[in-house]
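First up is the structure itself, then whatever we jot down about it.
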Amino acid sequence: MTKLENFINSFNKTFIVEGRYKLFASGISNTIFIAFFATLMGIAIGLFIALVKTNAKNNRKLFVLDKICSLYVTIIRGTPVVVQLLIMYYVIFVNIDNSILVAILTFGINSGAYVSEIARAGIESVDKGQIEAGMSLGLDRKKTMIYIIFPQALKNILPALGNEFIALLKETSVAGYVPIIDLTKAGDIVRSRTWEPFFPLYSVALFYLVMVVGLTAVQKRLERRLSESDRN
Amino acid sequence: MIEIKNIKKSFGKNEVLKNINTEIKKGDKVVIIGPSGSGKSTLLRCMNLLETPTSGSIVFQGTDITDKKSDINKIRQRMGMVFQHFNLFPHLTVLENIMLAPVKLNLQTKEEAEENALRLLERIGLSDKKYEYPAMLSGGQKQRIAIVRSLSMKPEIMLFDEPTSALDPEMIGEVLKLMKDLAEDGMTMVVVTHEMGFAKSVANRILFMDEGKILEENNPQDFFLNPVHERSKEFLSKILYNI
Amino acid sequence: MKKVSVLLIVTMVFALTTGCSSKTTEQPAENTTNQEAAAQAEDNTLVMYTNAEFPPFEYFEGEKIVGVDVDIANEIAKDMGKELVVEHIDFSSIIPAVLNDKADFGAAGMTITPERQEQVDFSISYVESIQHIISKKDAEILDMEGLKGKKIGVQLGTTGDLAISDAVNLPEGDLYNSGAEVKTYKNALEASQDLLAGRVDAVVIDKLPAEEIVNGNEGLKSVVFGAISEAYGICVKKGNGELLNSINSTLQRLLDEGKIAEFIENHSK
Chain U
1 MTKLENFINS
11 FNKTFIVEGR
21 YKLFASGISN
31 TIFIAFFATL
41 MGIAIGLFIA
51 LVKTNAKNNR
61 KLFVLDKICS
71 LYVTIIRGTP
81 VVVQLLIMYY
91 VIFVNIDNSI
101 LVAILTFGIN
111 SGAYVSEIAR
121 AGIESVDKGQ
131 IEAGMSLGLD
141 RKKTMIYIIF
151 PQALKNILPA
161 LGNEFIALLK
171 ETSVAGYVPI
181 IDLTKAGDIV
191 RSRTWEPFFP
201 LYSVALFYLV
211 MVVGLTAVQK
221 RLERRLSESD
231 RN
Chain Z
1 MIEIKNIKKS
11 FGKNEVLKNI
21 NTEIKKGDKV
31 VIIGPSGSGK
41 STLLRCMNLL
51 ETPTSGSIVF
61 QGTDITDKKS
71 DINKIRQRMG
81 MVFQHFNLFP
91 HLTVLENIML
101 APVKLNLQTK
111 EEAEENALRL
121 LERIGLSDKK
131 YEYPAMLSGG
141 QKQRIAIVRS
151 LSMKPEIMLF
161 DEPTSALDPE
171 MIGEVLKLMK
181 DLAEDGMTMV
191 VVTHEMGFAK
201 SVANRILFMD
211 EGKILEENNP
221 QDFFLNPVHE
231 RSKEFLSKIL
241 YNI
Chain E
1 MKKVSVLLIV
11 TMVFALTTGC
21 SSKTTEQPAE
31 NTTNQEAAAQ
41 AEDNTLVMYT
51 NAEFPPFEYF
61 EGEKIVGVDV
71 DIANEIAKDM
81 GKELVVEHID
91 FSSIIPAVLN
101 DKADFGAAGM
111 TITPERQEQV
121 DFSISYVESI
131 QHIISKKDAE
141 ILDMEGLKGK
151 KIGVQLGTTG
161 DLAISDAVNL
171 PEGDLYNSGA
181 EVKTYKNALE
191 ASQDLLAGRV
201 DAVVIDKLPA
211 EEIVNGNEGL
221 KSVVFGAISE
231 AYGICVKKGN
241 GELLNSINST
251 LQRLLDEGKI
261 AEFIENHSK
């Protein structure tokens with residue numbers, strides 16, 4: 001067989017035989033699905049913790065909650081996400097039948113810890129005078145946060161947030177440790193059928209790369225739009 | 001309008017205000033002067049509770065605002081404040097800066113707030129900047145917009161915390177002019193400033209502070225011509241020498 | 001010719017004693033073309049029929065047929081002091097050839113099945129892939145039918161995975177569109193944990209891990225999954241006990257010495 005024939009044959013085995021492209025397609029869609037909802041969850045958790053942490057200084061009632069949040073962040077950042085996934089799937093959420101839901105919870109909770117640090121830094125980076133200006137106009141703390149601090153913090157943290165979500169997308173590649181067919185697992189399955197590493201592995205890598213490059217482009221556009229107010 | 005009774009304020013061990021007593025009456029134009037570190041800004045910031053006094057009470061229109069039960073947000077809606085560094089919202093346009101508080105507090109509809117904002121911008125001659133972001137404005141323009149942003153809430157009193165200290169000299173005039181206009185319209189004002197010319201021509205009362213105390217309280221004519229307290233004399237001699 | 005006559009006698013004796021009819025009515029058409037080969041078989045030869053299109057068990061290397069089964073057959077011939085002759089034929093014609101005495105035995109990576117056992121005798125199995133279905137004790141999942149519509153746990157890349165995935169995903173598969181779902185695990189332990197947790201209804205896995213799992217968990221049982229279990233055997237004409245014994249003893253020796261695994265490895269490159 002010539003090299004070209006070999007190549008075509010491998011391609012054929014990896015994608016065409018038994019409709020294996022469908023496996024890759026569902027792997028990609030699961031990866032995106034998990035990453036997307038985990039991202040939303042991560043933002044929600046991260047913002048909540050950042051709010052608790054930035055307000056705990058002025059509010060004694062938040063003391064206990066603040067300590068719980070610190071503990072959560074320490075545990076999540078101090079343990080590998082694969083281990084978290086296995087614990088979530090086989091111990092904590094053993095009654096949840098839907099493994100993709102467990103993955104979303106795991107990666108969302110994981111991401112929340114990292115987002116909280118990013119968001120806190122972002123909120124703290126907004127000039128204190130902005131809070132005072134809002135309050136002096138009679139806005140309460142909540143409205144000041146929502147209309148004045150968050151939009152500015154968001155602009156500050158968007159690059160870091162974007163990087164976090166790109167990292168998250170790649171981190172979901174360990175989802176296959178539980179019975180989920182994500183992109184990486186799809187490649188593993190095909191590999192176990194064809195006994196050929198070349199095409200499945202390079203394809204998986206290429207698909208991730210395309211997704212990350214796409215996300216990066218979206219991130220750049222968002223940043224540009226948000227920095228409109230800086231233009232001179 | 002504002003009665004300040006036995007106000008003390010400490011930051012840690014450092015006592016910044018030592019038993020302050022004074023009263024701001026409706027229509028007053030009070031200028032607070034004194035060397036830096038004398039506590040004048042802190043006193044001003046206590047008036048709308050941006051700083052919480054360690055002890056004492058501040059009664060605004062019959063309400064003790066240091067009382068935890070009083071709704072400080074509601075009270076602040078009636079007191080405008082202008083900062084040394086303007087503190088415009090950089091992510092909002094000029095128009096949005098002015099409209100934000102009245103709209104988000106449901107005091108005015110969007111249309112009313114916009115009409116009001118445009119009228120205020122017209123008054124200060126900055127109508128053409130309504131869609132600009134703060135980053136594109138000069139310092140003087142920023143501060144004038146900060147002032148009308150406060151005015152959009154239709155306050156009963158305006159507090160100015162060194163409103164011209166961060167400005168380039170050529171921009172101070174336009175801001176002082178606007179403040180003077182406000183005073184002439186009858187606005188009750190408390191101003192912390194180093195602008196002695198403004199103090200002389202606009203104030204009906206001068207508070208001279210040093211080391212956390214009000215050392216002298218007088219009308220501008222008497223204060224500038226015949227200061228009583230040793231520290232006042234010393235301070236004025238330095239200021240006037242510099243001029 | 002001597003060998004053929006010996007075989008004939010043995011067969012007749014057996015036919016008499018067992019009353020088993022050697023009705024070989026369905027003689028294949030290739031018969032005539034292969035008669036020559038059979039005729040050439042001399043006294044001291046051992047004739048093996050195979051289908052040399054099944055690497056690594058048998059395949060052509062140039063003109064020569066080689067493979068695991070050929071290596072095994074060589075050992076058998078050596079032990080019997082005979083000379084091996086290997087013939088290539090259609091897979092479906094191997095059993096007829098054995099029944100027809102054209103071949104002494106068939107060795108072609110042939111799975112031992114009840115249907116084939118009705119026609120020929122098989123040696124002990126020399127390559128095994130026995131799959132089990134593990135399920136909770138109260139579940140009625142014993143075969144392919146029982147797996148319809150169920151969630152089935154498998155270990156990535158194992159025989160069970162390949163067979164169940166094909167059955168579920170391919171249109172011709174037994175579980176296609178039955179609502180059955182495959183869940184792929186990194187190892188058998190985790191699949192069985194999910195079985196205990198109720199997230200899968202059954203786990204299809206090799207015999208050894210299946211036995212370990214069931215031993216370790218009281219609530220589970222395992223049954224042989226006939227539909228996808230595979231055990232290869234060498235087939236001889238029914239009643240040919242002498243030859244079968246020789247084959248079995250050689251196979252047992254090779255298994256004990258680990259030779260067969262070695263052959264498989266040698267031919268798997």
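Chains as they are written, first to last, in this note's numbering: chain U, 1 to 232; chain Z, 1 to 243; chain E, 1 to 269.
Note that CB positions come from ideal geometry on N, CA and C, so glycine has one too.
Since the model is a prediction, treat every value here as computed from it, not as a measurement.
By the rule that beta-carbons nearer than 9 Å mark a contact, Arg78(Z) touches chain U. For Ser165(E), the closest Cβ of chain U is nearer than 9 Å. Close to chain Z, meaning a Cβ-Cβ distance shorter than 8 Å, are the following residues of the stretch 152-179 of chain U: Gln152, Lys155. Ile8(U) counts as exposed, since fewer than 16 other C-beta atoms from the protein chains shown sit within 10 angstroms of its C-beta. Residue pairing of Tyr49(E) in beta bridges, as defined by DSSP: Glu87(E), Gly106(E).
Ala56(U) is outside the set of residues whose beta carbon lies under 9 Å from a beta carbon in chain Z. Beta-bridge partners assigned by DSSP to Val192(Z): Ile32(Z), Asp161(Z).
Annotated three-state conformation of Glu196(U) is coil, per DSSP.
Judged by DSSP in its simplified three-state form, Ala97(E) adopts helix.
Among the residues facing chain E, Lys185(U) is included, as its CB has a counterpart in that chain under 9 Å away. DSSP places Val16(Z) within a strand segment (E or B) once states are collapsed to three. If you keep only unbroken alpha helix (DSSP H) runs of at least 4 residues inside the stretch 53-134 of chain Z, you get 72-76, 94-104, 110-123. Gln131(E) carries a strand assignment under DSSP once its states are collapsed to helix, strand and coil.
For Tyr232(E), the pairing in a beta bridge is given by DSSP as Thr111(E), Val127(E). Spatial neighbours of Glu111(Z) in its own chain (CB-CB distance under 6 Å, excluding positions within 5 residues in sequence) are not present.
At least one C-beta of chain Z is nearer than 9 Å to the C-beta of Ala133(U). Taking 9 Å as the CB threshold, Asp127(U) lines the interface with chain Z.
Distances from the alpha-carbon of Ala56(U) to those of Ala44(U), Cys69(U), Ile45(U) put Cys69(U) closest. Residue pairing from DSSP places Asn218(Z) in a beta bridge opposite Ile206(Z). If you compare the alpha carbons of Leu226(U), Val213(U), Thr106(U), Ile76(U) with that of Asn163(U), the shortest gap goes to Val213(U). DSSP places Ala38(U) in the helix class (H, G or I) of the three-state scheme. Using a CB distance below 7 Å, the part of the stretch 15-26 of chain U facing chain E consists of Glu18, ordered along the chain.
Take Arg231(Z), set aside five residues on each side of it, and the residues of its chain with a beta-carbon closer than 6 Å to its own are Asp210, Leu215, in chain order. The contact set of Ile148(U) on chain Z, defined by CB atoms closer than 9 Å, consists of Phe89, His91, Leu92, Leu100 in chain order. Taking C-alpha positions only, Gly134(U) is separated from Asp127(U) by approximately 12 Å. Under a 10 Å Cβ-count criterion, Ala191(E) is classified as buried, with 16 or more other Cβ atoms of the shown protein chains found around its own Cβ. Straight-line spacing of the CA atoms in Gly56(Z) and Thr63(Z) works out to 14 Å. Below the 7 Å Cβ cutoff, chain U contributes no neighbours of Lys82(E), its closest Cβ being approximately 37 Å away. Beta-bridge pairing by DSSP links Val66(E) to Tyr59(E).
Contact of His85(Z) with chain U is assigned, a C-beta pair being separated by under 9 Å. For the pair of segments examined, the stretch 172-188 of chain E was found not to touch the stretch 97-116 of chain E: the number of CB pairs separated by less than 8 Å stays below three. Of all residues in the stretch 140-153 of chain Z, the ones placed with a Cβ closer than 9 Å to any Cβ belonging to chain U are Ala146, Arg149, Ser150, Ser152, Met153, in chain order. Note on geometry: alpha-carbon atoms of Asp182(U) and Ser173(U) lie some 7 Å from one another. Look at Lys220(U) here: in three-state DSSP terms it is helix. Per DSSP, Tyr21(U) has no beta-bridge partner at all.
Lys104(Z) reaches chain U at Leu139, Lys143, Tyr147, counting residues in chain order whose Cβ is nearer than 7 Å.
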